[in-house]
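Using our numbering, you'd call the opening residue of the sequence shown number 4 and step up by one each time. Ideal Cβ placement from N, Cα and C applies to all residues, glycine included.
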Amino acid sequence: MWVDRQQYPRRWLGKTGWRRWLAGGLLITAVVADAAPSAWMAAIKPDPVTRQSRCLLVSETQNTSDGYDTTPVTLVFNGSRLLAVTESEIDPSFADLQLVIDKEPPFRSDKLAAKNMTLLFEQDVPDLVEKLRAGRQATLYVRFWPTWPATQSFSVPFSLVGFSKAYDNLNRNCQSPAGAAPSSN
């Protein structure tokens with residue numbers, strides 16, 4: 004049967020149908036937003052520098068070129084400093100190693116650990132954490148050894164989705180809000 008929409012413009016939804024559609028759409032949007040995969044997790048793991056097991060915030064691993072091969076890069080926050088952990092030797096000789104959060108001024112570092120494969124960000128940590136919590140993306144700019152021939156600086160993007168929630172779990176010593184057992188992934 005054909006319905007004249009000018010005569011019955013909302014009949015196909017009924018008197019409250021549009022409200023149900025709107026409520027259903029909002030519910031689905033909220034569920035999908037809450038189920039968005041987190042790029043960060045709080046887990047009890049060995050600290051990359053001290054090798055002591057502790058609660059750490061760990062980003063998703065990103066792969067980047069080191070000028071010769073591909074190396075994984077992970078950001079790790081141990082509560083007092085942010086670490087950029089790689090499997091290639093980092094080259095600090097150009098003084099251009101930095102982390103940029105969104106379009107904020109960069110956090111710079113030239114301090115290395117763990118056989119020069121870990122870059123340490125130890126200055127302005129409260130400001131760094133605040134920017135990580137508020138940000139959408141952090142980009143690490145890093146270059147790798149050998150310095151001759153000089154390789155370029157490589158940009159490695161990291162999503163900050165889930166950083167705040169993982170940071171809250173770090174402050175609870177890797178305990179979930181419900182008090183579940185610590186994560187040991």
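Candidates the options: which alpha carbon is nearest residue i's?
| i | options | result |
| --- | --- | --- |
| Arg136 | Asp105, Val76, Phe97 and Val52 | Asp105 |
| Glu133 | Gly82, Leu100 and Gln155 | Gly82 |
| Pro51 | Ala116, Val164 and Ser68 | Ala116 |
| Arg146 | Gln140, Arg111, Phe97 and Arg54 | Phe97 |
| Thr67 | Tyr144, Phe166 and Arg175 | Tyr144 |
| Ser41 | Phe166, Thr74 and Leu173 | Phe166 |
| Val128 | Cys58, Pro149 and Leu102 | Leu102 |
| Leu148 | Asp72, Thr53 and Leu60 | For the record, residue 148 in the displayed sequence is Trp; it is not Leu. Nearest option by C-alpha distance: Asp72. |
Please list the terminal residues of the continuous beta strand (DSSP E) segment that includes residue i.
| i | result |
| --- | --- |
| Asn66 | Gln65 to Ser68 |
| Pro129 | Here Pro129 belongs to no beta strand (DSSP E); instead the alpha helix (DSSP H) covers Val128 to Ala137. |
| Ile104 | Gln101 to Ile104 |
| Val145 | Gln140 to Val145 |
If you draw a straight line from the alpha carbon of residue i to that of residue j, how long is it in whole angstroms?
| i | j | result |
| --- | --- | --- |
| Ser158 | Phe124 | 16 Å |
| Asp171 | Gln155 | 36 Å |
| Lys168 | Phe80 | 13 Å |
Below 8 Å on the Cβ atoms is my contact criterion, and I expect residue i with residue j to pass it. Report the Cβ-Cβ distance as a whole number of Å.
| i | j | result |
| --- | --- | --- |
| Met44 | Val88 | At roughly 15 Å, the Cβ-Cβ gap does not stay under 8 Å, so Met44 and Val88 are not in contact. |
| Gln140 | Ser162 | 6 Å |
| Leu100 | Ser112 | 6 Å |
Report yes or no: is there a C-beta of chain C within less than 9 Å of the C-beta of residue i?
| i | result |
| --- | --- |
| Phe157 | Here there is only one protein chain, and chain C is not present. |
Alpha helix (DSSP H) containing residue i: first to last residue?
| i | result |
| --- | --- |
| Phe166 | Phe166 to Asn174 |
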